[in-house]
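So the structure is just underneath, and the comments pick up after that.
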Amino acid sequence: MAMILRSLLAAGGMMLALDARAAEAPEVAACKASGLLALQQKSPDVADLVIDQESIAVSAADTKVGDVPVKAVVLGEAYIKRAKETGRPDRFVCLIGEKGKVLLTFFTAK
Numbered sequence: 078m079a080m081i082l083r084s085l086l087a088a089g090g091m092m093l094a095l096d097a098r099a100a101e102a103p104e105v106a107a108c109k110a111s112g113l114l115a116l117q118q119k120s121p122d123v124a125d126l127v128i129d130q131e132s133i134a135v136s137a138a139d140t141k142v143g144d145v146p147v148k149a150v151v152l153g154e155a156y157i158k159r160a161k162e163t164g165r166p167d168r169f170v171c172l173i174g175e176k177g178k179v180l181l182t183f184f185t186a187k
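Heads up: the sequence shown begins at 78 in my numbering, then just goes up one per residue.
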């Protein structure tokens, strides 16, 4: 029983470490910046994009969309803060290409 408990605690610690790295990943910052600019172009009253750090998943990828290489996929939830209010969380998907370039940031309501 003690060995199972130690294994669970170790796994939990590794998951916390992975979550912390994902939240601090440069891919997340790039997706936030790109997403905020795109949202502000469509709606000037968008003041900020607040990323829910607990929902973030950054996955390495080695695939292509058409002929364009995709190196990472970022998934999570974000709150779109407008001038006077912050709405409910939206899910987002962000594709990162070579050299950390954001290829796509897509938001969808839950």
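Glycine included, each C-beta is placed from N, C-alpha and C at the ideal position.
Asked: Would you decide whether E104 is buried or exposed? Buried here means 16 or more other CB atoms lie within 10 Å of its CB.; Found: buried
Asked: Could you give the first and the last residue of the continuous beta strand (DSSP E) run that contains S136?; Found: 134–142
Asked: To the nearest angstrom, report how far apart A160 and V123 are at their CA atoms.; Found: 6 Å
Asked: If you count every other CB in all the chains shown that lies within 10 Å of the CB of D144, and 16 or more means buried, which is it?; Found: exposed
Asked: Can you tell me where the beta strand (DSSP E) holding A186 begins and where it ends?; Found: 179–186
Asked: For F184, which residues in the same chain have their Cβ closer than 8 Å to its Cβ, ignoring the five residues on either side in sequence?; Found: G112, L116, A155, I157, D167, R168, F169
Asked: Using only the alpha-carbon positions, how far apart do Q130 and K141 sit?; Found: 27 Å
Asked: With a CB to CB cut of under 7 Å and the five nearest residues on each side skipped, what residues in its chain are close to C108?; Found: V151, C171, V179, T182
Asked: Can you name the residues that DSSP bridges to R168?; Found: E154, T185
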